[in-house]
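Take a look at the structure set out below.
Now the structure itself:
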């Protein structure tokens, strides 16, 4: 059976949520899963993860990207790779669904799916259903592809160089764009994860938008970027319209965008360059 390697980058400051994250991982069925936790506080985190098969790796290198890359380097036997925040959850059965999709679609570089947005008390806020359209829209507008619950083919991750450690906010966006050049991203209509919105996760949106735009520019010619800059006001209007339409019952187009819009959400630790 192909092995799935999952990384949790964490500061170790949210023990209850981290335990929930681990529980959601080790309750997955029908997969060979290895979990690596990367943290600057290994002793504290080992206590939190006690009783689970998770491997704790000590790292003082700042930034989520570096932590995830270090974790992936520990997972040399894993055919598929992923990472999840220490405050997020995998949906029951999501890894088996994602793995099966990659096995059936040999050309696909990765998968993404529907994500439930929850609050600090784990109450549902909404469900993001990005649809197949989201991956095609990456190069032109708002990033609608949720990172939580996504799964990547190791071969593809290595081919594109993993996460860009120079990026503090848009590293997942950059990875999705690079992976699309290697192979298509497969959309799953199933719920694959829960993303927790809380006061520590909603900072950095403005900085992220700026960084995301600089990343997007890498994938266009100078002429196209010039045209895109001139159309920026229209793009902004389009993004806002998609946001409003996608939140309506039934969605914009069920197989294209879905009902809910993926928000820009980042943690306080992202701002200081630490792992979260």
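Residue numbers (the UniProt record's numbering): 1 to 276.
Every residue, glycine too, gets a C-beta built ideally from N, C-alpha and C.
Within this structure, are the beta carbons of residue i and residue j separated by less than 8 Å?
i	j	result
residue 28	residue 116	no
residue 153	residue 219	no
residue 30	residue 91	no
residue 191	residue 113	yes
residue 160	residue 71	no
residue 84	residue 49	no
residue 12	residue 69	no
residue 177	residue 98	no
residue 141	residue 235	yes
residue 201	residue 169	no
residue 232	residue 225	no
residue 16	residue 94	no
To which residues does DSSP link residue i through a beta bridge?
i	result
residue 191	114
residue 277	Because the chain spans 1 through 276 in this model, residue 277 falls outside it and cannot be assessed.
residue 39	58
residue 9	38
residue 82	6
residue 19	Residue 19 is not bridged to any residue.
residue 185	110
residue 14	Paired residues: none, contrary to the question.
residue 196	118
residue 89	194
Going by beta carbon distance, what residues of the same chain come within less than 6 Å of residue i, once the five residues before and after it are set aside?
i	result
residue 5	34, 75, 78, 81
residue 250	Residue placement at residue 250 is flagged as unreliable, the pLDDT there being 44, under the threshold of 50; the coordinate-derived value follows with that caveat. None.
residue 223	none
residue 60	40
Quick one: what's got a C-beta closer than 7 Å to residue i's C-beta in the same chain, skipping five residues either side?
i	result
residue 24	89, 90
residue 164	65, 171, 174
residue 156	109, 110, 179, 182, 183
residue 137	144
residue 3	32, 34, 77, 78, 79
residue 158	none
residue 20	89
residue 105	186
residue 238	141
Near residue i, what residues of its chain come up, given a Cβ to Cβ distance below 8 Å and the 5 sequence neighbours on each side ignored?
i	result
residue 53	26, 34, 35
residue 320	Since the first residue of the chain shown is 1 and the last is 276, residue 320 is not available in this structure.
residue 167	65, 174, 211, 215
residue 119	125, 196, 197, 198
residue 135	112, 145, 176, 180, 184, 185, 187
Check whether the stretch 133-150 and the stretch 186-194 touch, using three or more Cβ-Cβ pairs below 8 Å as the test.
yes
What are the uninterrupted segments assigned as beta strand (DSSP E) that are 3 or more residues long and contained completely in the stretch 113-163, given in chain order?
124-128, 151-153
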